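**Q** Once you've had a glance at the structure underneath, I'll fire off some questions.
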Amino acid sequence: MFGTFRKHSTTLWVFLIAVIIVSFVIFFSPNVAFQSSPQQFSLNIDGRDFNRSDLDAAHNEARIAVMLGMARNPESNEEANMSALQRLLLRGKIAQYGIHVGDETTAAWIHRRLTGPTGPFAGQSFEQVVELLKPQGLKADDLQRFARNQAGLEMLIRTVVTPGVLVTPQEVEAAYLRDNEKIEAEVAFISHTNFAASVTLDPAEVAGFYSNRVAAYRSPDRVQVHFVRFAASNHLAEAEQALAARGGLEALINTAYDERGTNFYAGLTEAEAKARIRQEMIDQNALAVAKRKIYDFINGYWDTEPRSATVVATAAQAAGREMKTTEPFARDEVPEGLAVGPEFVDAAFKLTPSEPYSSAVVGADGYYALCFDQKIPGTIQPLESVRERVEKEYRENRSRTLAQEAADKFHAAATNAIAGGQSFAQLAEQAGFKYARIPDLSPRMTDVPDLAVPVDPRQIASLAFNQPTNSVGAPNYLADGMLVIRTGQRRPPSDEEMKEGMADYTERFRSARETEVFNEWMQQQMVLGGLQSFFSNPGQ
0 MFGTFRKHST TLWVFLIAVI IVSFVIFFSP NVAFQSSPQQ FSLNIDGRDF NRSDLDAAHN
60 EARIAVMLGM ARNPESNEEA NMSALQRLLL RGKIAQYGIH VGDETTAAWI HRRLTGPTGP
120 FAGQSFEQVV ELLKPQGLKA DDLQRFARNQ AGLEMLIRTV VTPGVLVTPQ EVEAAYLRDN
180 EKIEAEVAFI SHTNFAASVT LDPAEVAGFY SNRVAAYRSP DRVQVHFVRF AASNHLAEAE
240 QALAARGGLE ALINTAYDER GTNFYAGLTE AEAKARIRQE MIDQNALAVA KRKIYDFING
300 YWDTEPRSAT VVATAAQAAG REMKTTEPFA RDEVPEGLAV GPEFVDAAFK LTPSEPYSSA
360 VVGADGYYAL CFDQKIPGTI QPLESVRERV EKEYRENRSR TLAQEAADKF HAAATNAIAG
420 GQSFAQLAEQ AGFKYARIPD LSPRMTDVPD LAVPVDPRQI ASLAFNQPTN SVGAPNYLAD
480 GMLVIRTGQR RPPSDEEMKE GMADYTERFR SARETEVFNE WMQQQMVLGG LQSFFSNPGQ
């Protein structure tokens with residue numbers, strides 16, 4: 000992902016982070032995996048103890064890794080929490096191997112991997128990168144800690160892997176030839192939408208389409224929950240007093256300013272930058288105060304029987320808080336009027352009458368304690384109430400079927416015509432398909448200028464290189480249309496291309512092998528450290 004987006008603007012990265020966060024924030028919460036009890040706890044991983052703050056920090060680092068394209072989105076709560084636990088394990092290993100990452104090394108990593116000429120934020124300041132992360136509740140300290148640990152991880156990889164990696168010239172050459180082979184490809188594409196206008200909305204067929212898919216037209220389940228909010232803004236004064244009482248606040252501010260450097264706060268005077276650091280510290284401490292208070296609050300009623308909303312309301316009143324109730328909402332909705340995200344929704348849908356309480360759930364403005372109110376089951380919606388949607392989906396379904404029939408017909412005609420010496424391009428034009436020719440398609444190709452078909456070149460390459468030479472392949476089903484590929488001759492890279500490209504390819508090949516070896520080592524350490532059995536034995 001770094002290579003793909005390296006030359007794009009910061010605006011694109013803002014968009015990417017916004018898109019990514021919707022899909023994974025629900026998974027990156029320690030509350031999701033550890034909400035069976037809100038009590039203070041510790042984790043022992045590979046003989047080292049970690050507390051709640053350590054786990055929170057690891058979750059934040061895992062989130063940053065996904066945002067920066069260094070890790071893929073988790074697909075489950077368990078996978079997301081395992082990512083955080085792996086980071087704690089690696090943190091212990093970095094210390095075990097005596098690896099120390101200083102400020103200069105951390106700054107160098109940030110420049111090399113983020114803000115330098117080849118980084119995804121080239122030309123941007125560290126502060127500007129932080130601004131992209133702030134809407135997700137992440138701070139400068141999170142990114143700085145992430146960078147420090149990533150630099151340490153790279154040093155750990157070199158320590159662990161180097162002695163065990165063996166890459167022969169013959170192996171690299173064979174892989175280079177395979178990855179840089181070229182093939183001539185002609186492609187014909189037809190969109191489903193080409194046939195939408197020709198679809199007739201026959202009432203009987205539409206009704207039958209609805210009947211066959213009636214479960215798809217069920218309204219979603221909804222839930223309604225009670226909540227008590229501990230807003231961070233209510234604790235700013237307390238947070239500031241606590242910081243002042245600790246002493247050395249000015250020294251901490253000066254240290255943070257010196258470590259971040261003047262480029263971190265571009266456009267601000269030193270006094271303005273330090274004022275911002277002070278406010279960041281107060282805000283962060285206020286959130287920590289809200290978190291501590293809400294855990295104390297939840298602990299106060301967690302074991303009270305019978306468990307009910309009345310218990311929470313009584314506890315809220317005693318604490319000078321107010322219990323409120325959301326409007327009913329579905330899984331793909333956020334409760335109206337609350338500064339919360341998918342994490343709140345996920346926690347709400349986990350509640351039941353027998354397990355009515357959540358642990359603390361973080362929001363943009365503080366922490367929330369949830370209590371089950373009711374679950375409203377979805378119902379099958381009659382055809383008349385969803386007719387517009389049914390007709391739209393019927394038209395799309397028929398359009399796909401017609402596109403498939405057209406592609407099958409074109410494939411049969413092209414196979415016979417090509418054998419007789421006719422042009423694939425002319426046949427595609429006659430059949431109403433979009434046509435493109437890629438004379439030097441390679442497995443590693445990511446971009447084809449002015450490509451006349453709306454298909455990713457990598458997808459075309461994947462299909463073409465799995466197709467016999469000089470053949471017309473069977474139609475390929477894509478999300479928005481049908482694709483037929485004719486392949487020509489395959490050609491190996493020239494001697495000159497190999498001479499120019501082998502050095503860089505060898506380095507990347509060796510790096511990939513190092514990653515493979517490190518991953519094998521990591522799997523062993525996970526077993527030895529107890530991570531593999533953690534979720535099946537959460538009490539260990």
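Following numbering that gives the first Met the number 0, the numbering of the sequence shown begins with 0 at its first residue and continues without gaps.
Even glycine gets a Cβ: it sits at the ideal position worked out from N, Cα and C.
Being a predicted model, the structure only gives us computed values, none of them experimental.
#1: What residue does the alpha helix (DSSP H) around Phe-125 start on, and which one ends it?
#2: Apart from the five residues on each side of it in sequence, which residues of its chain come closer than 8 Å, Cβ to Cβ, to Ala-206?
#3: Between Phe-33 and the rest of its own chain, which residues show a CB-CB distance below 6 Å, the 5 nearest in sequence each way excluded?
#4: What whole-angstrom Cβ distance do Glu-499 and Asn-179 have, given they're in contact under 8 Å?
#5: Can you find the residues in the same chain that come closer than 7 Å, C-beta to C-beta, to Trp-108, ignoring five residues on each side of it along the sequence?
#6: Look at the alpha carbon of Ala-203 and the alpha carbon of Ala-451, and state the distance between them as a whole number of angstroms.
#7: Compute the distance between the beta-carbons of Val-227 and Arg-320, then report whether it is under 8 Å.
#8: Give the C-beta separation of Val-224 and Phe-371 to the nearest angstrom, bearing in mind that I take them to be a contact with Cβ-Cβ under 8 Å.
#9: What would DSSP say about Leu-176, mapped onto helix, strand or coil?
#10: Could you tell me whether any non-hydrogen atom of the ligand SAM is closer than 7 Å to the CB of Ala-312?
#11: Which residue or residues does DSSP assign as beta-bridge partners of Val-361?
#12: At the level of alpha carbons, what is the spacing between Glu-392 and Leu-200?
#13: Does the region 284-292 touch the region 211-225, meaning 3 or more C-beta pairs lie closer than 8 Å?
#14: Quick one, which of Pro-453, Ile-484, Leu-477, Tyr-476 has its alpha-carbon nearest Thr-468's?
#15: Output needed for Gly-377: all residues of its chain with C-beta closer than 7 Å, excluding positions within five of it in sequence on either side, in chain order.
#16: Could you tell me whether the Cβ atoms of Ala-402 and Ala-187 are closer together than 8 Å?
#17: Among Ser-441, Thr-254, Gly-480, Lys-374, which residue has its Cα nearest to the Cα of Arg-177?
#18: Report yes or no: is there a C-beta of chain D within less than 8 Å of the C-beta of Asp-372?
#19: Run through the DSSP bridge pairs and tell me what Arg-62 is partnered with.
#20: Decide if Ser-82 is buried, meaning its Cβ has at least 16 other Cβ atoms within 10 Å, or exposed.
#21: State the DSSP-derived secondary structure class of Ile-44, mapped to helix, strand or coil.
#22: Who are the Cβ neighbours of Ala-272 in its own chain at under 7 Å, not counting the five residues just before and after it?
#23: On the three-pair Cβ rule with 8 Å, is the region 46-58 touching the region 472-483?
#24: Just how far apart, CA to CA, sit Glu-60 and Pro-492?
#25: How about Tyr-209 and Val-389: do their beta carbons lie closer than 8 Å?
#26: Just the C-alpha distance for Lys-292 and Leu-267, rounded to the nearest angstrom, thanks.
#27: Based on DSSP bridge pairs, tell me the residues matched to Gln-223.
#28: Measuring straight from C-alpha to C-alpha, what distance separates Met-521 and Tyr-476?
#29: How would you call Pro-453, buried or exposed, if buried means at least 16 neighbouring beta carbons within 10 angstroms?
#30: Tell me which residue opens and which closes the beta strand (DSSP E) that Phe-188 is part of.
#31: Have a look at Gly-336, Asp-503, Gln-466 and flag the residue whose alpha-carbon is nearest the alpha-carbon of Gly-487.
#32: I need the boundaries of the beta strand (DSSP E) containing Val-339, first residue and last residue.
#33: Figure out for me which residue from Glu-519, Ser-398, Asn-211 has the closest Cα to the Cα of Ser-190.
#34: For Ser-353 versus Ile-297, is the C-beta spacing smaller than 8 Å?
**A** In brief:
#1: 125-132
#2: Leu-382
#3: Bear in mind that a pLDDT of 48 at Phe-33, under 50, signals an unreliable position, so the model cannot answer this.
#4: Not confirmed; about 11 Å, so no contact.
#5: Ala-146, Gln-149, Ala-150
#6: 39 Å
#7: yes
#8: 6 Å
#9: helix
#10: As for the ligand SAM, it is missing from this structure, which has no ligand bound.
#11: Tyr-366
#12: 11 Å
#13: no
#14: Ile-484
#15: Arg-217, Ser-218, Pro-219, Asp-220
#16: no
#17: Ser-441
#18: The structure shown has no chain D; it contains just one protein chain.
#19: Answer is none; Arg-62 lacks a bridge partner.
#20: buried
#21: strand
#22: Tyr-256, Tyr-264
#23: no
#24: 41 Å
#25: yes
#26: 35 Å
#27: Gln-373
#28: 38 Å
#29: exposed
#30: 181-190
#31: Gln-466
#32: Counting along the chain, Val-339 falls outside any beta strand (DSSP E), and DSSP gives it neither H nor E.
#33: Ser-398
#34: no
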